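Residue numbering for the sequence shown follows this note's numbering, starting at 26 and increasing by one per position. Some notes on the structure that comes next.
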Amino acid sequence: MPDKVKYEHVLNIECLFLDGDTRTITLKNPRYDISTSKITELETFIRENNILIGDRDGSDFRRIKKVVKRNSTTVYLDLESV
Numbered sequence: 026m027p028d029k030v031k032y033e034h035v036l037n038i039e040c041l042f043l044d045g046d047t048r049t050i051t052l053k054n055p056r057y058d059i060s061t062s063k064i065t066e067l068e069t070f071i072r073e074n075n076i077l078i079g080d081r082d083g084s085d086f087r088r089i090k091k092v093v094k095r096n097s098t099t100v101y102l103d104l105e106s107v
């Protein structure tokens with residue numbers, strides 16, 4: 026059997042709440058053209074509509090702390106055919 030290659034693309038959005046708690050939203054296969062302005066729009070939408078609530082003390086969403094796009098490649102080697 027030949028070697029197998031797996032590609033993965035994720036966008037991690039770390040959210041900060043008023044009580045200091047953080048949560049990370051992970052999106053698989055995000056659009057490649059996501060800009061800073063789109064992240065700012067998302068942050069404003071979440072805050073204005075109060076769609077995220079912290080689970081520690083039920084506090085309100087404060088801001089998006091960090092956004093990281095990760096691309097990874099995993100290679101599964103077929104050692105039997107060597």
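Every residue, glycine too, gets a C-beta built ideally from N, C-alpha and C. Note that the structure is a prediction, hence the values are computed from the model and not measured.
Apart from sequence neighbours up to five positions away, the residues of its chain that approach arginine 87 with a beta-carbon distance below 6 Å are Leu41, Phe42 and Leu43, ordered along the chain. Contact between glutamate 33 and lysine 91 is ruled out by a C-beta separation of about 19 Å, above the 8 Å threshold. Excluding its 5 nearest sequence neighbours in each direction, lysine 53 has C-beta neighbours in its own chain below 6 Å: Val35, listed in chain order.
Contact between threonine 51 and asparagine 37 is confirmed by a C-beta separation of about 5 Å, below the 8 Å threshold. Leucine 67 carries a helical assignment under DSSP once its states are collapsed to helix, strand and coil. Lysine 94 is a Cβ neighbour of proline 55, given a cutoff of 9 Å.
For serine 84, the secondary structure class from DSSP, reduced to helix, strand or coil, is coil.
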